[in-house]
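Q: The structure follows.
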Amino acid sequence: MSDEEDIVLSELNDDELVEQMFDDLYDGLKEEIEEGVNILLERGWTPYDILTKALVGGMTIVGHDFRDGILFVPEVLLAANAMKGGMTILKPLLAETGAPRVGKMVIGTVKGDIHDIGKNLVSMMMEGAGFEVVDLGINNPVENYLEALEAEQPDILGMSALLTTTMPYMKVVIDTLVEQGLREEYVVLVGGAPLNEEFGKAIGADGYCRDAAVAVEMAKDFMSRKHNQLAG
Ligand code: B1M
């Protein structure tokens, strides 16, 4: 790894650069990730491809080694910070679609859970697709969701959970909406690595989103159905 000091990112071809970005993300090198993102942009890569192929690809490797006990929380935090550096550059570009506002979403990570990279990615992609997004951040008790729904009147409520111990909290939020007679007012979309379709159905969500692209597709689909209903 010591000879990496001599690597000039701009001299690498695309494949080599993406490989190097995987290494840099792994090592938590934020400035190098930012430089890599800028180089790929200059080379005509779409922000979406940079996000999914270089950043999410790199984070997947970090995730595997975290799971296998090769990386620990401090290293993963550095990697997450480097990823956020790259995402900050891409965010305005993804949002810059000029698309008319398609709908509005309130999204947050549930109580007890501080993972926010996936949620942030979903927010960015939704904004890029023309949605207005109100991001409640992490560790949200049901009260936060209720307040935001009341204040923002969105079309969609999005919830994220990355831990098997926090995913059941999504049901607490949905059950509370049912109790308060609010469930039918919103489309509820859920996501996060430990979830699956079956879980989404079991807790009464309208949709489980495997990734950010699916979240955008589902959200658009629900919005067009809503408009058709209103028109019909
Ligand atoms: Co955590 N962590 N972590 N962690 N962490 C996981 C989730 C874990 C699977 C790692 C592992 O062991 N393999 C494991 C959970 C195991 C389990 O529950 N069965 C775990 C653990 C155990 C923990 C701690 C308990 C560790 C500890 O302290 N001992 C602790 C918990 C803290 C807490 O929340 N209370 C913890 C802490 C952390 C860090 C702080 C170090 C850091 C978070 C930094 C941050 O988010 N700012 C971290 C990270 C980075 C991870 C991994 C490595 C990566 C998560 C990530 O960002 N992925 C993760 C391993 C993994 O998932 N493979 C892990 C990239 C992201 C783009 O993907 O989040 O899946 P993802 O989002 C996707 C989709 O899921 C979907 O779209 C996104 C984009 O495509 N999606 C949605 C997500 N949310 C959505 C919402 C929607 C729609 C789609 O709404 C509409």
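Residues 1 to 232 in UniProt numbering are what the sequence shown lists, from first letter to last. Yeah, the Cβ is synthetic: ideal placement off N, Cα and C, and Gly gets one too.
What residue range is occupied by the uninterrupted beta strand (DSSP E) comprising K104?
A: Per DSSP, K104 belongs to the beta strand (DSSP E) from 103-109.
Q: Exposed or buried, D116, counting other C-beta atoms within 10 Å across all chains shown (16 or more means buried)?
A: Its Cβ being crowded by 16 or more others within 10 Å, D116 is buried.
Q: Hey, is V102 close to ligand 1, as in C-beta under 6 Å from one of its heavy atoms?
A: No; taking the cut-off as 6 Å, the Cβ of V102 has no heavy atom of ligand 1 nearer than that.
Q: May I ask you to list the residues that DSSP assigns as paired with G207?
A: Per DSSP, L189.
Q: Would you kindly work out how many angstroms separate the C-alpha atoms of V190 and L149, rounded to a whole number?
A: Cα to Cα, V190 sits roughly 16 Å from L149.
Q: Return the residue from the list I203, D23, G137 that minimises the CA-CA distance to V56.
A: For the residues I203, D23, G137, the minimum Cα distance to V56 belongs to D23.
Q: For the candidate residues T88, G63, D155, G103, whose alpha-carbon lies nearest to that of K30?
A: K30 has its Cα closest to that of T88, out of T88, G63, D155, G103.
Q: Is N139 helix, strand or coil by DSSP?
A: Coil, per DSSP.
Q: State the DSSP-derived secondary structure class of M83, mapped to helix, strand or coil.
A: Looking at M83 - three-state DSSP - the assignment turns out to be helix.
Q: Can you name the start and end residues of the beta strand (DSSP E) that L25 belongs to?
A: Not the beta strand (DSSP E): L25 falls in the alpha helix (DSSP H), residues 14-26.
Q: Would you mind stating whether V152 and V173 have Cβ atoms separated by less than 7 Å?
A: Val is not the amino acid found at residue 152; the sequence shown has Glu there. Their beta carbons are not under 7 Å apart, which means E152 does not touch V173 by this criterion.
Q: So, with DSSP's three-state summary, where would you put S224?
A: S224: helix per DSSP, three-state reduction.
Q: Among residues of its own chain, excluding the 5 on either side of K226, which ones have a beta-carbon nearer than 6 Å to its beta-carbon?
A: Cβ within range, chain order: n/a, list empty.
Q: Cβ-heavy atom distance between D65 and ligand 3 below 6 Å?
A: With respect to small molecules bound, the structure shown includes ligand 1 and not ligand 3.
Q: Please go through the same chain and pick out, in chain order, the residues whose beta-carbon is closer than 6 Å to the beta-carbon of K171, but skip the five residues on each side of it.
A: Within the same chain, K171 has close Cβ partners I203.
Q: Within the same chain, show all residues whose beta-carbon is closer than 7 Å to that of M21, passing over the 5 residues directly before and after it, in chain order.
A: Closer than 7 Å at the Cβ level, and outside the excluded window around M21, lie I33, G36, A54, G58.
Q: Confirm the yes/no value for this check: CB of I117, any heavy atom of ligand 1, distance under 6 Å.
A: Indeed, a heavy atom of ligand 1 lies less than 6 Å from the Cβ.
Q: Taking 6 Å as the cut-off, is the CB of L78 close to at least one heavy atom of ligand 1?
A: No; taking the cut-off as 6 Å, the Cβ of L78 has no heavy atom of ligand 1 nearer than that.
Q: Would you tell me roughly how many angstroms separate the C-alpha atoms of D49 and N38, rounded to the nearest one?
A: Rounded to the nearest angstrom, the two C-alpha atoms are 13 Å apart.
Q: Is T164 a contact residue of ligand 1, with contact defined as CB to any heavy atom under 6 Å?
A: Checking the Cβ of T164 against ligand 1 gives yes.
Q: Could you tell me which residues DSSP puts in a beta bridge with F131?
A: Paired residues: G103.
Q: Kindly indicate which residue of F72, V73, T52 has the alpha-carbon position closest to the one of residue 292.
A: Residue 292 is absent from the model: the chain starts at 1 and stops at 232.
Q: Should I70 be labelled buried (16 or more other beta-carbon atoms within 10 Å of its own) or exposed?
A: Classification of I70: exposed, given that the 10 Å Cβ count is below 16.
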